[in-house]
Amino acid sequence: METRQYKRFKAMDGALAVFSSTLQPNLPKLGRLLDISAGGLAFSYTARGIQTEGASSLRISWHDDELSTIEGIPFKIVYDVDLSGHYRLGLPEDRRCGVQFGDLTAEQSKQLVAFIRNYSRGEIAG
Numbered sequence: 001m002e003t004r005q006y007k008r009f010k011a012m013d014g015a016l017a018v019f020s021s022t023l024q025p026n027l028p029k030l031g032r033l034l035d036i037s038a039g040g041l042a043f044s045y046t047a048r049g050i051q052t053e054g055a056s057s058l059r060i061s062w063h064d065d066e067l068s069t070i071e072g073i074p075f076k077i078v079y080d081v082d083l084s085g086h087y088r089l090g091l092p093e094d095r096r097c098g099v100q101f102g103d104l105t106a107e108q109s110k111q112l113v114a115f116i117r118n119y120s121r122g123e124i125a126g
């Protein structure tokens, strides 16, 4: 049985993950934050064309509140899966993406603790 290094917390509605891609730098993708921990997060998004391929920049925020935004989070994609369960020719896919954080700065770590405290609904078991 897998044990996680960090406790995961369910994100409140309104918590967002935004990533940009080197392949489409002027077209950021917006996702709904699903869960978050000190070590990473998962979000869902609707893919039109490319998914997270070439993702180079990640930020999380509460709605459009600049004061609750954490910019420039270092990360690597752990998984990016189709949630629809089948291929739908030419239609957007609903996807779930999980990322692992890289080395956060002291400020980013502090912001992350505050973000989890303010914008999560409690710990996820397991």
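In this text, residue positions in the sequence shown follow the UniProt record's numbering: the first is 1, and each later residue adds one.
Glycine included, each C-beta is placed from N, C-alpha and C at the ideal position.
Can you tell me whether DSSP reads residue i as helix, strand or coil?
i: Ser-109; result: helix
i: Met-1; result: Summary for Met-1: the model assigns pLDDT 48, below 50, so the residue's position carries little reliability; its value from the coordinates is reported in the next sentence. Looking at Met-1 - three-state DSSP - the assignment turns out to be coil, as it is neither helix nor strand.
i: Arg-96; result: strand
i: Ala-125; result: coil
i: Arg-117; result: helix
i: Leu-83; result: coil
From residue i to residue j, what distance separates their C-alpha atoms?
i: Lys-110; j: Cys-97; result: 24 Å
i: Arg-121; j: Val-99; result: 20 Å
i: Glu-66; j: Lys-10; result: 21 Å
i: Met-1; j: Ala-42; result: Residue confidence for Met-1 is low, a pLDDT of 48 falling below 50, so the modelled location carries little weight; the figure read from the coordinates is stated next. Straight-line Cα distance between these residues: approximately 20 Å.
i: Pro-28; j: Tyr-45; result: 12 Å
i: Ala-125; j: Glu-107; result: 28 Å
Can you tell me where the beta strand (DSSP E) holding residue i begins and where it ends?
i: Thr-46; result: 40 to 47
i: Lys-7; result: Premise fails: Lys-7 is in no beta strand (DSSP E) and is neither H nor E.
List the whole-angstrom C-beta distance separating residue i from residue j, where the pair is believed to meet the contact cut-off of C-beta under 8 Å.
i: Ala-47; j: Glu-93; result: 5 Å
i: Gly-72; j: Ser-57; result: 7 Å
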